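A quick write-up on the structure given underneath.
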Amino acid sequence: MKASGELKVEDLRVSFQTAQGTVRAVNGVGFVVKPGDVLGVVGESGCGKSATLRAIAGLTQPPGHIDGGRVEFDGRELTGLGRGGLRRILGNEIGFISQSPFGALNPILSIERQFRNVIKAHRRASARECREIALKALRDVGIAGPERVLDGYAHQLSGGMAQRVVIAMATVHNPQLILADEPTTALDVTVQRQILDLITGLIAESNRSMLIVTHDLGVVAQYCTRVLVMYAGQAVEEGTVDQVFRTPQHPYTQALLAAVPKVGGEIRGLQGGLPDLINYPSGCPYADRCPKATEVCVETRPPMVRAGQGRRTACHHAAGEVAGYAAARS
Ligand SMILES: Nc1ncnc2c1ncn2[C@@H]1O[C@H](COP(=O)(O)OP(=O)(O)O)[C@@H](O)[C@H]1O
Ligand code: SF4
Ligand SMILES: [Mg+2]
13 MKASGELKVE
23 DLRVSFQTAQ
33 GTVRAVNGVG
43 FVVKPGDVLG
53 VVGESGCGKS
63 ATLRAIAGLT
73 QPPGHIDGGR
83 VEFDGRELTG
93 LGRGGLRRIL
103 GNEIGFISQS
113 PFGALNPILS
123 IERQFRNVIK
133 AHRRASAREC
143 REIALKALRD
153 VGIAGPERVL
163 DGYAHQLSGG
173 MAQRVVIAMA
183 TVHNPQLILA
193 DEPTTALDVT
203 VQRQILDLIT
213 GLIAESNRSM
223 LIVTHDLGVV
233 AQYCTRVLVM
243 YAGQAVEEGT
253 VDQVFRTPQH
263 PYTQALLAAV
273 PKVGGEIRGL
283 QGGLPDLINY
293 PSGCPYADRC
303 PKATEVCVET
313 RPPMVRAGQG
323 RRTACHHAAG
333 EVAGYAAARS
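FYI, in my numbering the residues of the sequence shown are 13 to 342.
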């Protein structure tokens, strides 16, 4: 029987060794993804979203290093499993979809061969059975001529088709949890929606869950149940999409939402930049951009504090109720 699939991340820390020094990419992120949740992770480029996702999936590679924290999936601690144990889970119980489908596919193996590798990594099957399973998986992601796709190679596919193939491979073992890192960024707008409908459809069918990184707040509004706002490798606000979008409590979330011209827009035009991740600030990482910053902000890092109804905010001067995005949404 497959697991219930709750993901629990606690105090996760990831750094990258560079010639300039140690880049503190993820600094104590924690959250829970329950079955049925679609958690959207948002924040500016460079704030540690990919590093977080890759660490959860056990894909952190040098110069990256997991410095601490726990990742628990279905009651098992993944961080303690080692490579072999993780390999049994990734691709089987957890599916990973990256930003670039062509990066995920092997250019010199046929699609059929790659499917066979993915299938045989987690179950016994003959070549013929693998082909049948792959054909069904491709049909399930809306590919009309699956035989032709199976017999071909990645370079013969359009971006949208390639991402469908990646999704079919990532979900062929019916994972309980899907980790998707900007899965549609490389695709044009109409294909983006088709792909997102497809992934969220797969999840809704069977109470699975997903963690999706996106810079498109419209995608969060439409597809996610919860949202986690990250800044400089920390979680700064979390709640249901409605809570966070209607009444953002953290000044960074407020700035983020204000920077989006309308629902469906992308994050842009935010003043200033991320702090130096090598000489990481000891106080609030947002202090040098924050209009509400005071002395305590510079001196002491604000912890994530529960604000009721599953909301959390990390700010010394968090707003109680600020009608932030409500006006823009209605
Ligand atoms: N391989 C790497 N080597 C050095 N620094 C890296 C590497 N990968 C990511 N980083 C740094 O880690 C930080 C977080 O990166 P990332 O997780 O990719 O951010 P995001 O996905 O939110 O855009 C950034 O400052 C980035 O420059
Ligand atoms: S803790 Fe201070 S600097 Fe940080 S977001 Fe809150 S008010 Fe701004
Ligand atoms: Mg990224």
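For every residue, glycine included, the Cβ atom is placed at its ideal position computed from N, Cα and C.
Fair warning: this is a prediction, and the values are worked out from it, not measured in the lab.
* Asked: Under the criterion of a Cβ to heavy atom distance below 6 Å, does C59 qualify as lining ligand 2?
  -> The sequence position of residue 59 within the sequence shown is 47, counting from 1. Distances from the CB of C59 to the heavy atoms of ligand 2 are all 6 Å or more.
* Mind checking whether the beta-carbon of A299 lies closer than 6 Å to any heavy atom of ligand 2? -> Against the sequence shown, residue 299 aligns to sequence position 287. Flag set: Cβ of A299 near ligand 2.
* Using the beta-carbon count (16 or more within 10 Å), is K148 buried or exposed? -> To locate residue 148, count along the sequence shown from 1; it is residue 136. By the 10 Å Cβ count, K148 comes out exposed.
* Sub-7 Å separation of C236 and V256 beta-carbons -> For the purposes of this step, residue 236 is taken as the residue at position 224 of the sequence shown. For the purposes of this step, residue 256 is taken as the residue at position 244 of the sequence shown. When the beta-carbon positions are compared, C236 and V256 stay at least 7 Å from each other.
* To do: Compare the beta carbon distance of V38 and V26 with 7 Å and say whether it is the shorter of the two.
  => Reading the sequence shown from its first residue, position 26 is the one you call residue 38. Reading the sequence shown from its first residue, position 14 is the one you call residue 26. In contact: V38 and V26 (Cβ atoms closer than 7 Å).
* **Rounded separation between R341 and N118 - CA only** => The count along the sequence shown starts at 1 and reaches residue 341 at position 329. The count along the sequence shown starts at 1 and reaches residue 118 at position 106. Residue placement at R341 cannot be trusted, given a pLDDT of 35 that sits under 50; the coordinates are not used to answer.
* Within the chosen definition, does the stretch 137–156 reach the stretch 78–94 through at least 3 CB pairs nearer than 8 Å? -> Verdict: no, contact absent.
* Taking 6 Å as the line, does the beta carbon of A247 fall inside it for any heavy atom of ligand 2? -> Translated into positions along the sequence shown, residue 247 becomes position 235. In this structure, A247 has its beta carbon at no less than 6 Å from each heavy atom of ligand 2.
* Kindly examine ligand 1 and report whether one of its heavy atoms sits closer than 6 Å to the Cβ of V83. => Position 71 of the sequence shown, counted from the start, is the residue given in the question as residue 83. Not under cutoff, so the answer is no.
* **H167 Cβ short of 6 Å to ligand 2 heavy atom set** => The residue labelled residue 167 in the question sits at position 155 within the sequence shown. Distances taken from the Cβ of H167 to the heavy atoms of ligand 2 include none shorter than 6 Å.
* Can you tell me which of the three DSSP states R323 falls into? => Position 311 of the sequence shown, counting from 1, holds the residue named residue 323. Looking at R323 - three-state DSSP - the assignment turns out to be coil, as it is neither helix nor strand.
* Quick one: what's got a C-beta closer than 6 Å to R220's C-beta in the same chain, skipping five residues either side? -> As a position in the sequence shown, residue 220 is number 208, starting the count at 1. So the list reads Q188, once near-sequence residues are dropped.
* Asked: Bridge partners of H77, per DSSP?
  -> Residue 77 sits at position 65 when you count from the first residue of the sequence shown. Answer is S27, bridged to H77.
* Does DSSP put K61 in a helix, a strand or coil? -> Your numbering for residue 61 matches position 49 in the sequence shown. Annotated three-state conformation of K61 is helix, per DSSP.
* Asked: For L102, which of helix, strand or coil comes out of DSSP?
  -> Looking up residue 102 in the sequence shown gives position 90. Strand.
* Asked: Is there at least one non-hydrogen atom of ligand 1 closer than 6 Å to the beta-carbon of V35?
  -> Position 23 of the sequence shown, counted from the start, is the residue given in the question as residue 35. Within the cutoff, so yes.
* To do: Measure the alpha-carbon distance for L286 versus P263 and round it to whole angstroms.
  => Taking the first residue of the sequence shown as position 1, residue 286 is located at position 274. Taking the first residue of the sequence shown as position 1, residue 263 is located at position 251. If you draw a straight line from the Cα of L286 to the Cα of P263, it comes to about 14 Å.
* To do: Could you please give the first and the last residue of the uninterrupted alpha helix (DSSP H) stretch that includes L214?
  => On the sequence shown, position 202 is the one that residue 214 refers to. Its alpha helix (DSSP H) spans residues 201–217.
* Asked: How many angstroms separate the CA atom of G42 from the CA atom of L210?
  -> Numbered from its first residue, the sequence shown carries residue 42 at position 30. Numbered from its first residue, the sequence shown carries residue 210 at position 198. The alpha-carbon separation between G42 and L210 amounts to approximately 28 Å.
* To do: Using only alpha-carbon positions, find the residue among Q321, G97, T196 that is nearest to V232.
  => As a first step, residue 232 is located in the sequence shown; it is residue number 220 there, counting from the start. Comparing Cα positions, the closest option is T196.
* Asked: If we count the other Cβ atoms within 10 Å of its Cβ and call it buried at 16 or more, is P74 buried or exposed?
  -> As a first step, residue 74 must be located in the sequence shown, where it is residue number 62. So P74 ends up on the exposed side.
* Is DSSP giving E333 helix, strand or coil here? -> To locate residue 333, count along the sequence shown from 1; it is residue 321. Any answer about E333 is weak, because its pLDDT of 45 lies below 50 and its placement is not dependable; what the coordinates show is given next. Note: E333 maps to coil in three-state DSSP.
* **Whole-number beta carbon distance between L282 and E56, since they are thought to touch under 8 Å** => On the sequence shown, position 44 is the one that residue 56 refers to. On the sequence shown, position 270 is the one that residue 282 refers to. Yes, E56 and L282 are in contact; Cβ-Cβ is about 7 Å, under 8 Å.
* Run the proximity test for P75: is its beta-carbon closer than 6 Å to any non-hydrogen atom belonging to ligand 1? => Counting from 1 along the sequence shown, the entry for residue 75 is found at position 63. P75: yes, Cβ under 6 Å from ligand 1.
* **Status (buried if at least 16 other CB within 10 Å, exposed otherwise) for D193** => On the sequence shown, residue 193 is found 181 positions in, with the first residue counted as 1. Classification for D193: buried.
* So, is H321 buried or exposed, given that buried needs 16 or more other C-beta atoms within 10 angstroms? -> Reading the sequence shown from its first residue, position 309 is the one you call residue 321. The amino acid occupying residue 321 in the given sequence is Gln; His does not appear at that position. By the neighbour-count rule (16 or more Cβ atoms within 10 Å), Q321 is not buried but exposed.
* Between F108 and A331, what straight-line distance do the alpha-carbon atoms span, to the nearest angstrom? -> Translated into positions along the sequence shown, residue 108 becomes position 96. Translated into positions along the sequence shown, residue 331 becomes position 319. Rounded to the nearest angstrom, the two C-alpha atoms are 36 Å apart.
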